[in-house]
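Yeah, the sequence shown ends on 719 if you go by our numbering, and it's all consecutive. We put the CB at the ideal spot given by N, CA and C, even for glycine. Since this is a predicted model, take the numbers as computed values, not measurements. Read the structure below first, then the notes.
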Amino acid sequence: MSQTHFRTCNLCEAMCGVKMTVDSGKVTRIEGDRHDPFSRGHICPKAPALADLHDDPDRLRKPLRKSGDGWTEVEWDEALDEAARRLLAVQTQHGRHAVGAYIGNPTVHNLPALVAGPELLRGLRTKHRFSATSVDQLPHMVVAHAMFGHQLFMPVPDIDRCDYMVMLGANPLVSNGSIMTAPDFRKRFRAITERGETVVIDPRRTETAKDASRHLFIRPGTDAYFLFALVREVLHQGADLGRLESVIDGAEKLGPLAEPFTAERAERATGIAASEVEAIAGKLLHHKRAVIYGRMGVCTQRFGGLNAWLLVVINALTRHLDEPGGAMFARPAIPALDLTGPGHFGRWRSSVRDLPEFGGELPVSALAEEIEAGAIRAMVTVSGNPVLSTPNGAAVDRALSKLDFMVSVDPYLNETTRNADLILPPCSPLERPHYDLVFHALAIRNTAKYSPPLFETDAPHDGQILSGLLRRLLQGRHGRLDPRTLKARAMEAMPVERLVDLGLRFGPYGKGALGVKPAKLGNKQLGPKGPLSLDVLKDHPHGVDLGPLQPAFPDHAPRPRIDLAPVVFVQDVERLDHADRASDNGATSNGQMTLIGRRQLRNNNSWMHNAPSLMRGRERCTLLMHPDDAERLGIKSGAQAEVTSRIGNVTAQVAVSDEMMPGVVSLPHGFGHHRKGTRLGVAEANSGVSVNDLTDPAAVDELTGNAVLNGVPVEVAPA
Ligand code: SF4
1 MSQTHFRTCN LCEAMCGVKM TVDSGKVTRI EGDRHDPFSR GHICPKAPAL ADLHDDPDRL
61 RKPLRKSGDG WTEVEWDEAL DEAARRLLAV QTQHGRHAVG AYIGNPTVHN LPALVAGPEL
121 LRGLRTKHRF SATSVDQLPH MVVAHAMFGH QLFMPVPDID RCDYMVMLGA NPLVSNGSIM
181 TAPDFRKRFR AITERGETVV IDPRRTETAK DASRHLFIRP GTDAYFLFAL VREVLHQGAD
241 LGRLESVIDG AEKLGPLAEP FTAERAERAT GIAASEVEAI AGKLLHHKRA VIYGRMGVCT
301 QRFGGLNAWL LVVINALTRH LDEPGGAMFA RPAIPALDLT GPGHFGRWRS SVRDLPEFGG
361 ELPVSALAEE IEAGAIRAMV TVSGNPVLST PNGAAVDRAL SKLDFMVSVD PYLNETTRNA
421 DLILPPCSPL ERPHYDLVFH ALAIRNTAKY SPPLFETDAP HDGQILSGLL RRLLQGRHGR
481 LDPRTLKARA MEAMPVERLV DLGLRFGPYG KGALGVKPAK LGNKQLGPKG PLSLDVLKDH
541 PHGVDLGPLQ PAFPDHAPRP RIDLAPVVFV QDVERLDHAD RASDNGATSN GQMTLIGRRQ
601 LRNNNSWMHN APSLMRGRER CTLLMHPDDA ERLGIKSGAQ AEVTSRIGNV TAQVAVSDEM
661 MPGVVSLPHG FGHHRKGTRL GVAEANSGVS VNDLTDPAAV DELTGNAVLN GVPVEVAPA
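Below you can see the structure in the form of structure tokens.
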């Protein structure tokens, strides 16, 4: 007899509610949960792939040990003992920093890994920690730390109440929102377009841009000139800090900083007419509920830090920061800020290139060179595939192959884990409990939802693997009865649900807090009847609605005042001021172009390409190119083109499209599954090429250390 199970899709930030039908221990149907108060029935094509993932014959079920050219299955205790012993041996011989760690993006969607991962990293005591953060949102975190006092206190656009939205470097119609957890973004975005106006600024007329009121092309990597011109124009038209005026410091520094960045200068750099800058500034000031938002595309530029800072500055100067319909802050049921410290910046630097740490992590662009220099001798990777997802993946691959030891916690034998000596595969996502610790903190509405495991299993989840490894490391280092070992043993034994319950009870909607009025969505009463706890969430399998975003300042922010001009950003302005004098910022003749990445609805970074339901259909790993460029280079749609950067070259099928800005080409990221020695049958058959065989680890935002993935200079020629 079939059963129905409700849970949250853990694949991306959108937190969609799914309804799963299970028959004889098999998922037979996955659809949107219409009663989920947040996602309201929406899912994207990736949700059904949760079943593919669970059933995938390539997904590893037991630990693997490398033996000669092959792999041998080993028992869990044996694998964990060996991993701890060999990591300790490297640290004993070469020092504690000789072990590095790389944490991949799926970890953020994984409750047990989020709880146990930081403990393991602390236990490793290494300064060589890396993650996907520095190929993604690092600039936003540096801004949150410097302006608001906590790295995770990031503003999100209040899109359900906004009437005018300007968006740069984001394509939420396919990414499903990022630092803006917003299920069914399409419907929400169309509603803004209908009741007001939406403007998308991007070197490609993206899927989101096609749904917007207006689209403006911008030359890759020049957003900071546009944003600074917008700041200048807002100041000239009459900036208004609104309610936050009494808590904002540093606003007076902005005028002199912005003055050199005129709209005409922005036009020369970006290609956006000066009149557009003036008009957008006027509309941001005029609309009562408006917001400017930028995401991955603005972070992965050489001025990613300045871009992220200027976005907040513009929202503040137009009185849209911390106001309904503007850029607001979520108040999650389990306070995410307690998960990490407030952050720190530049306490230590990488040994080869002197790049700064942030929040305990070094920029991943430094990973390969640190290994090659002998500063890292062993690695732990968790749910990450840096060979495909970080700059110069081929160099990362070579470096990993030279390590003395590598252990990977990962369900797949992929392009990165093939370099490991041991692979420790966790159970499937459907076999572990789920609560989104991070994305409720970045959501456009306050909600809470708990998903119990759908299937029972003997296989450990990521948290059990990571805490088992930590306990063995501490035992090997300090002895069985040391208090640190005993604490790790206690953590290992504690069910992760217990921590969720404690987090809810001591959170803002828990017992002892002032509580919340049951919230309404339409006419339907969806709020909890009492203070939140795990039991309350278990009684609400579709989730509970805790209402729209509320102002955070001054009482609900990490610190009561906002620094609008932190010194680290002010000092970086000079670099921007010099850069456009030294660069023409655009395409030149012949085959010289600039390369940008792109998201696709059926992709999930680098790790869902083994799901058959997502890989059907025509070739997706194509090089998008404007018709004028294709004609000039003598390349037809469907033909092969060779793309060469300072780092390497790839050959990809061309798709000619006027959605591209002339002089700019685009490749999706996450492909490149042609490397030998993996166990990814479906992905290998749809291998594509890796954009990170072209991106350059030498190109980073000098302020934050974030990788530059957009605006890569390339030469394109017929293959
Ligand atoms: S949008 Fe994200 S959370 Fe929603 S179904 Fe798709 S992958 Fe899952």
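In angstroms with no decimal places, state the Cα-to-Cα distance between F189 and T21.
Answer to the nearest angstrom: the Cα atoms are 31 Å apart.
Locate the beta strand (DSSP E) running through H5, then write down its first and last residues.
Q3 to T8 is the extent of the beta strand (DSSP E) around H5.
Since L623 contacts V573 with CB under 8 Å, what's their CB separation in whole angstroms?
Rounded, the Cβ-Cβ distance is 35 Å, inconsistent with contact.
So what does P718 bridge to, in DSSP terms?
Paired residue(s): A641.
Given 8 Å as the limit, is there contact between the region 107-121 and the region 465-478, that is, 3 or more CB pairs closer than that?
A contact exists between the region 107-121 and the region 465-478.
Report the partner residues of G360 according to the DSSP bridge assignment.
DSSP, once it has assigned bridges, lists no residue as partnering G360.
Could you give the residue range of the beta strand (DSSP E) that holds N649?
Run containing N649: N649 to V656, per the beta strand (DSSP E) assignment.
By how many angstroms is the C-alpha of T447 removed from the C-alpha of A748?
Shown here, the chain extends from 1 to 719; a query on residue 748 therefore has no answer.
Report the rounded CA-to-CA distance for H236 versus M154, giving the unit in angstroms.
So the two alpha carbons sit approximately 27 Å from each other.
Could you tell me which of P551, D223, L227 and D202 sits nearest to R215, measuring between CA atoms?
Note on residue identity: the sequence assigns His, not Arg, to residue 215. Per the Cα distances, D202.
Can you confirm whether the region 291-302 touches the region 221-228 when touching is taken to mean that 3 or more C-beta pairs between the two stretches lie within less than 8 Å?
Touching, yes, given that three or more Cβ pairs across the two stretches are closer than 8 Å.
Grouping DSSP H, G and I as helix and E and B as strand, with all else coil, what is K62?
Coil at K62, not helix or strand.
Is it buried or exposed for D555, if we count other Cβ within 10 angstroms and need 16 for buried?
Flag for D555 reads exposed.
Suppose the cutoff is 7 Å on Cβ atoms and the five residues either side in sequence are ignored; what does the same chain contact list for T107 look like?
Answer for T107: A113, L114, G117, V382 and S383, listed in chain order.
Distance, Cα to Cα, D52 vs G677?
Going from the Cα of D52 to the Cα of G677 covers about 22 Å.
Go ahead and pull the three-state DSSP assignment for H54.
In the structure shown, H54 sits in a helix (DSSP, three-state: H, G or I).
Return the CA-CA distance between E197 and I423, expressed in angstroms with no decimal places.
Roughly 50 Å between the two C-alpha positions.
Would P713 pass as a contact of L633 if the rule is Cβ separation under 8 Å?
No, Cβ-Cβ distance for P713 and L633 is not below 8 Å.
Taking only the alpha-carbon atoms, compute the straight-line gap between N365 and T390 and give it to the nearest angstrom.
Per the sequence shown, the amino acid found at residue 365 is Ser instead of Asn. Whole-angstrom Cα-Cα distance: 7 Å.
Return yes when at least one heavy atom of the ligand SF4 lies under 7 Å from the C-beta of M20, else no.
Flag unset: Cβ of M20 not near the ligand SF4.
Helix, strand or coil: how does DSSP classify W761 here?
Residue numbering for the chain in the displayed model covers 1 to 719; residue 761 lies beyond these limits and cannot be assessed.
Using only the heavy atoms of the ligand SF4, determine whether one of them is closer than 7 Å to the beta carbon of M15.
Because some heavy atom of the ligand SF4 lies under 7 Å away, the Cβ of M15 counts as near it: yes.
Rounded to whole angstroms, what's the CA-CA distance from Q571 to Y412? Just pull it up for me.
Roughly 44 Å separates the two Cα atoms.
Output the distance between the C-alpha atoms of N392 and Q464, rounded to the nearest integer angstrom.
Their backbone Cα atoms lie some 33 Å apart in a straight line.
Can Y293 and L317 be called in contact, C-beta distance under 8 Å?
No, the Cβ-Cβ distance between Y293 and L317 is not below 8 Å.
Answer yes or no: do L326 and R289 have a C-beta to C-beta separation smaller than 8 Å?
According to the sequence as given, residue 326 is Gly; it is not Leu. Yes, the Cβ-Cβ distance between G326 and R289 is below 8 Å.
For H434, which beta-bridge partners are listed by DSSP?
BP columns for H434 point to S451.
For T704, which three-state DSSP category applies?
Reduced to three states, the DSSP call for T704 is coil.
Rounded to the nearest angstrom, what separates L418 and A707 at their Cα positions?
The sequence shown places Arg at residue 418, rather than the Leu named in the question. Approximately 24 Å, taken between the alpha carbons.
Could you give the distance in angstroms between the alpha-carbon of Q550 and the alpha-carbon of R331?
Between Q550 and R331, the C-alpha separation is close to 8 Å.
State the DSSP-derived secondary structure class of A721, mapped to helix, strand or coil.
Since the first residue of the chain shown is 1 and the last is 719, residue 721 is not available in this structure.
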